[in-house]
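Working notes, beginning with the structure itself.
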Amino acid sequence: MRLSAYFLPLLKENPAEAQIVSHRLMLRAGMIRQSAAGIYSWLPLGLRVLKKVEQIVREEQDAAGAQELLMPTLQPAELWRESGRYEVYGKEMLRIRDRHDRDMLYGPTNEELITDIVRGSVKSYRDLPKMLYHIQWKFRDEVRPRFGVMRGREFLMKDCYSFDLDKPAAVASYFRMFAAYMKTFKRMGLTPIPVRADTGPIGGDLSHEFHVQADTGESELFYDADVVKLDESNIDPTSPDVQKYIANWYAATDEKHDQAEFEARVPEERRRRARGIEVGQVFYFGTKYSEPMKAVVAGQDKTQITMEMGSYGIGVSRLLGAIIEANHDDNGIIWPEPVAPFKVGLINLRAADAKCKEACDDLYAKLQKAGVEVLYDDRDESAGAKFAAMDLIGLPYQFVIGPRGVTNNVVEIKNRRSGEKQELSPEAALALVAGTNA
RNA sequence: CGGGGCGUAGCUCAGCCUGGUAGAGCGCUAGCUUUGGGAGCUAGAAGCCGGAGGUUCGAAUCCUCUCGCCCCGACCA
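Under this note's numbering, read the first sequence as residues 8 to 445, first letter to last.
Below, the structure written as structure tokens:
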């Protein structure tokens with residue numbers, strides 16, 4: 008993509024409304040634009056990252072055995088009356104009336120809808136288990152939206168629902184998803200910390216929140232260092248020992264932290280304290296919805312079995328804020344490579360110079376041919392402006408070509424994260440990024 | 001939902017107290033000069049001063065009402 012043609016409205020100054028760093032940087036880097044309080048448009052650069060985050064989530068859901076579907080944003084109030092949540096949910100739920108005076112709502116979550124779908128088609132014990140998920144926009148009418156996309160009213164969420172025959176199977180589904188979450192967040196360059204959680208309005212008796220570590224995070228976490236060291240690929244979700252271990256380890260947010268228990272259970276050298284941002288939560292809630300909504304299957308012995316359910320959410324749009332909170336410096340964003348909007352930023356320092364232009368155009372074509380995602384700054388701007396823009400949007404590699412480099416046939420490569428610079432031939436530069444392209 | 005703050009050019013803000021022809025910096029347009037860390041000079045364009053009422057000869061400025069946005073708290077993916 009040529010920057011001269013790209014819609015990338017960068018801001019040199021901090022917008023007054025943005026207080027926290029991720030919000031400021033997303034606005035300054037031209038990723039989002041606010042439409043109303045807590046509601047944002049996603050501009051091309053922001054959308055590219057959103058899609059990458061979404062894709063990683065999708066791949067790990069699929070790998071965990073879940074199947075993707077897509078439910079609507081608008082739901083009939085009827086289903087929520089059936090589960091009893093229509094009255095319980097409060098003003099956070101955006102209620103709408105259609106032209107026929109039917110009560111509708113913009114979904115804040117989808118337990119009712121998915122249960123309705125499953126109960127309509129799943130009739131036999133042979134049809135279970137099932138795990139179904141979708142990635143869809145949700146709306147929660149927060150009293151006070153803030154922190155940009157981290158606490159918007161409209162947000163993109165992955166929500167998955169598991170349906171099992173009995174509790175042991177449902178708990179295994181829970182821990183399968185648990186392991187998938189660890190992997191998902193790690194793939195984005197984050198450090199996930201799973202914290203035991205209350206089940207809140209969703210209900211149930213087993214739940215974990217996933218926080219990712221960020222110095223600017225909203226909550227304070229106290230945890231056993233072993234929690235972070237756990238390798239999710241070794242988790243056997245069906246093992247009662249593993250389940251017990253995970254369910255009982257010490258990790259708590261400040262509200263639920265018990266210093267005495269922390270000290271009693273965790274050796275001093277393993278006690279950790281950090282700030283985090285919540286990006287996901289998993290619940291096992293048994294028959295809370297399947298019971299009132301009559302989601303049952305016929306068992307082998309002609310009995311009726313009420314499905315055992317769990318639900319699993321990831322705040323996809325919120326993750327962008329969390330990733331930036333955990334990956335930035337004074338100059339701007341530092342994207343982890345798997346979610347970077349482009350892998351390489353190619354800078355022509357002297358756009359008016361024919362030789363520079365030729366060298367850059369050539370390298371740009373080769374990068375594209377090699378399948379490397381590249382943003383090419385071909386604008387006629389001052390060098391400083393180009394460096395600053397590239398640092399701000401935080402692409403992992405900056406390829407710089409100026410009059411000096413052209414004379415020596417070298418490309419200067421800057422690693423955005425480490426700041427290290429090296430000079431390579433165009434061929435070597437190409438090999439550097441083409442080789443490791445995912 | 002309680003408390004506080006702010007709405008003036010695309011962005012950051014001054015002007016308001018003490019009413020009298022709407023400002024600055026950045027950005028934008030044109031030209032010239034520059035060219036390795038947000039360039040310089042010159043000339044421009046750009047605003048229903050959030051909206052509605054009121055007071056006044058006269059309102060960005062004073063009064064009333066309203067809408068929007070931000071911050072702290074309670075609440076939350």
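Where is the CB? At the ideal position from N, CA and C, for every residue including glycine.
- For the pair D369 and M397, the Cα-to-Cα distance works out to about 20 Å.
- A44 sits exposed, since fewer than 16 C-beta atoms from the chains shown fall within 10 Å of its C-beta.
- For Q26, no beta strand (DSSP E) segment is defined, and its DSSP state is neither H nor E.
- For N338, the closest of D387, G293 and R423 by C-alpha to C-alpha distance is R423.
- Residue burial is scored here from C-beta neighbours: A186 has at least 16 other C-beta atoms within 10 angstroms and is therefore classed as buried.
- By the CB criterion at 8 Å, L353 and Y371 fall inside the cutoff.
- The three-state reading of DSSP puts L374 in helix, counting H, G and I together.
- When the five nearest sequence neighbours on each side are left out, the beta carbons in the same chain lying within less than 8 Å of the beta carbon of I408 are those of L353, I354, N355, L356, C363, A366, C367, L370, V418 and E419, in order along the chain.
- When the Cα atoms are used, D148 and N117 turn out to be separated by approximately 16 Å.
- In this structure the segment 210-222 lies against the segment 276-289, because at least three pairs of beta carbons, one per stretch, are closer than 8 Å.
- Counted as a single uninterrupted DSSP element, the stretch harbouring S432 is not any beta strand (DSSP E), since DSSP gives it neither H nor E.
- Note on geometry: alpha-carbon atoms of W87 and R160 lie some 20 Å from one another.
- Counting along the chain, G287 sits inside the beta strand (DSSP E) bounded by residues R278 to G293.
- Under the 8 Å Cβ criterion, the segment 185-202 counts as touching the segment 322-336, having at least three qualifying pairs.
- Here R194 carries a helix assignment [DSSP, helix/strand/coil].
- H30 and V156 have their C-alpha atoms roughly 7 Å apart.
- Uninterrupted alpha helix (DSSP H) stretches at least 4 residues long and entirely within the segment 287-333 occur at 323-333, given in chain order.
- Of the candidates T313, R272 and G426, G426 places its Cα closest to the Cα of Y404.
- Per DSSP, the continuous beta strand (DSSP E) segment holding K137 begins and ends at K137 to F146.
- For P175, the three-state secondary structure derived from DSSP is helix.
- Contact between T260 and I27 is ruled out by a C-beta separation of about 19 Å, above the 8 Å threshold.
- A direct Cα-Cα distance of roughly 29 Å separates K58 from V234.
- Collapsing the DSSP output to three states places G97 in a helix.
- Between G317 and Y132, the C-beta spacing is not below 8 Å.
- Spatial neighbours of M100 in its own chain (CB-CB distance under 6 Å, excluding positions within 5 residues in sequence) are listed in chain order as L112 and P115.
- Of the candidates I39, M8, Q62 and S42, Q62 places its Cα closest to the Cα of V323.
- Listed in chain order, the alpha helix (DSSP H) elements of length 4 or more contained wholly in the segment 354-398 are 361-376.
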